[in-house]
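To start, the structure itself, in structure tokens.
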Amino acid sequence: MQEKFRKTIKFFPEIVSVSQRLLKVGKALDIPVIVTEQYPKGLGPSVPELGLAEYPDVKPIAKTQFSMVTEEVAQQLNDRNLDSVVLCGIEAHVCVQNTALNLIEQGFNVHVVVDACSSRTMVDRMFAFERMKASGAWLTTSESVILGLLGGSHHPKFKEVQKVIFESAPDSGLLDYKKSAAT
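Adding 9 to a residue's 1-based position in the sequence shown gives its number in the working numbering.
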């Protein structure tokens with residue numbers, strides 16, 4: 010979520026806010042985080058609101074291909090022996106979709122956090138979600154992912170993460186789309 014997209018991505022502040030929630034929980038639960046930036050020389054760095062400065066171990070990886078699955082990212086995924094990946098970002102119909110399709114092809118379980126992904130248009134956003142789902146990605150929400158990672162109130166970090174959950178995720182425009190699609 011880079012500076013150059015701030016004015017063009019639908020629900021940009023809300024998407025950033027939800028992504029920041031995911032980062033907070035990832036840090037609390039010691040979940041590995043990988044961040045990429047699309048051509049940062051031209052599109053700028055990740056926006057400061059994400060709070061990446063609070064994560065000194067997370068260094069954004071520059072890329073020019075649409076999928077975030079660069080050689081460096083692929084190596085990090087392999088080194089960590091992961092089988093599931095949670096995706097958030099922009100643009101849903103370009104970078105997020107290409108990443109999801111690459112990861113599914115490589116055998117990963119891909120969970121796309123729909124309230125933390127957007128595009129310049131709602132049409133691109135919604136059809137990207139449909140394509141990713143049809144290709145085998147799990148569409149989910151930030152709260153569902155967070156609670157799923159905890160597994161229950163017995164988790165030792167439950168109280169810490171519960172504070173994040175009590176701050177409701179902002180509306181990121183999905184309900185209006187679903188209402189119009191149903192009519």
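C-beta atoms are modelled at their ideal positions from N, C-alpha and C, and glycine is treated no differently.
Cβ neighbour criterion (16 or more within 10 Å) applied to A137: By the neighbour-count definition (other C-beta atoms within 10 Å, threshold 16), A137 is a buried residue.
Any C-beta of chain D under 8 Å from that of V170: Chain labels in this structure do not include chain D; a single protein chain is all it has.
Option nearest N118 by Cα separation, candidates V94, Q29, N111: Between N118 and the set V94, Q29, N111, the nearest pair of CA atoms involves V94.
Close beta carbons around G35, own chain, < 7 Å, minus the five adjacent residues each side: If we look at G35 and ignore the five residues flanking it on each side, its Cβ neighbours are V42.
Straight-line gap, T192 to V132 (C-alpha atoms, nearest Å): Bear in mind that the predicted position of T192 carries a pLDDT of just 49, short of 50, making it unreliable; the figure below should be weighed with that in mind. Between T192 and V132, the C-alpha separation is close to 16 Å.
For I70, three-class secondary structure by DSSP: In the structure shown, I70 falls within a strand segment according to DSSP collapsed to helix, strand and coil.
Residue burial classification, H120 (beta-carbon count within 10 angstroms, cutoff 16): Counting other Cβ atoms within 10 Å of its Cβ, H120 reaches 16 or more and is therefore classed as buried.
Contact check, L59 vs V25, beta carbons under 8 Å: It is a contact, given that the beta carbons lie within the stated cut-off.
Nearest neighbour of E176, chosen from R30, N111, P65 [CA to CA]: Nearest in C-alpha terms to E176, of all of R30, N111, P65, is R30.
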